[in-house]
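So the structure is just underneath, and the comments pick up after that.
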Amino acid sequence: KGRYMMYKVSREFMFAAGHSVTGYPGNCARLHGHGYRVIVTIKSPKLNGLGMVMDFSDLKVIVDGILNELDHYFLIWRDDPRAEGLMRLDASSIRIMEYNPTAENIAEHIKDGLRDRLLSPQAVDSVVLYETPNCSAIV
Numbered sequence: 021k022g023r024y025m026m027y028k029v030s031r032e033f034m035f036a037a038g039h040s041v042t043g044y045p046g047n048c049a050r051l052h053g054h055g056y057r058v059i060v061t062i063k064s065p066k067l068n069g070l071g072m073v074m075d076f077s078d079l080k081v082i083v084d085g086i087l088n089e090l091d092h093y094f095l096i097w098r099d100d101p102r103a104e105g106l107m108r109l110d111a112s113s114i115r116i117m118e119y120n121p122t123a124e125n126i127a128e129h130i131k132d133g134l135r136d137r138l139l140s141p142q143a144v145d146s147v148v149l150y151e152t153p154n155c156s157a158i159v
């Protein structure tokens, strides 16, 4: 026990969302969507009394709370000129984002949400967001 400098646990999640990358000079500027895959890794220099970094069920509750804010919504940057029109069309399906919804920014959004919800914000090691099976962003 205690032989390692850092313990890490990971759990995988899925969610679906549409988005558009405002200003991108190609297909990603169009309205489109993805089945996202997210891998969240939590770290700790020591294990709890049960021998765990964190209970996987507790991690699921926290991450699900973050992903429920994104799942089955269309994510659009507030500075996108189409945002207002999309809101008029179907406000209940749109999430206006403070950032351009790239894979990197969405991964950072998830990581920030984890830091806000965990007792130890430094416990968040990484968030890997797969936009496609072979394209991911890591923060």
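Here the sequence shown is numbered in the numbering used here, starting from 21 and rising by one per residue.
Glycine included, every Cβ here is placed at the ideal spot set by N, Cα and C.
Just so we're clear, the structure is a prediction, and the values are computed from it rather than from any experiment.
Distance from Tyr27 to Lys80 at the Cβ level is roughly 18 Å; contact not present, criterion being Cβ atoms closer than 8 Å. With a threshold of 16 other beta carbon atoms within 10 Å, Lys131 meets it and is buried. With a cutoff of 8 Å on beta-carbon distance, Leu90 and Ala37 are scored as near each other. For Arg108, the uninterrupted alpha helix (DSSP H) segment begins and ends at 103-110. Secondary structure at Leu95: strand, using DSSP grouped into helix, strand and coil. Straight across, the Cα-Cα distance linking Met25 with Phe94 is about 41 Å. Scanning Val58, Arg31, Ser30 for the CA closest to the CA of Thr152 turns up Val58. With a threshold of 16 other beta carbon atoms within 10 Å, His39 meets it and is buried.
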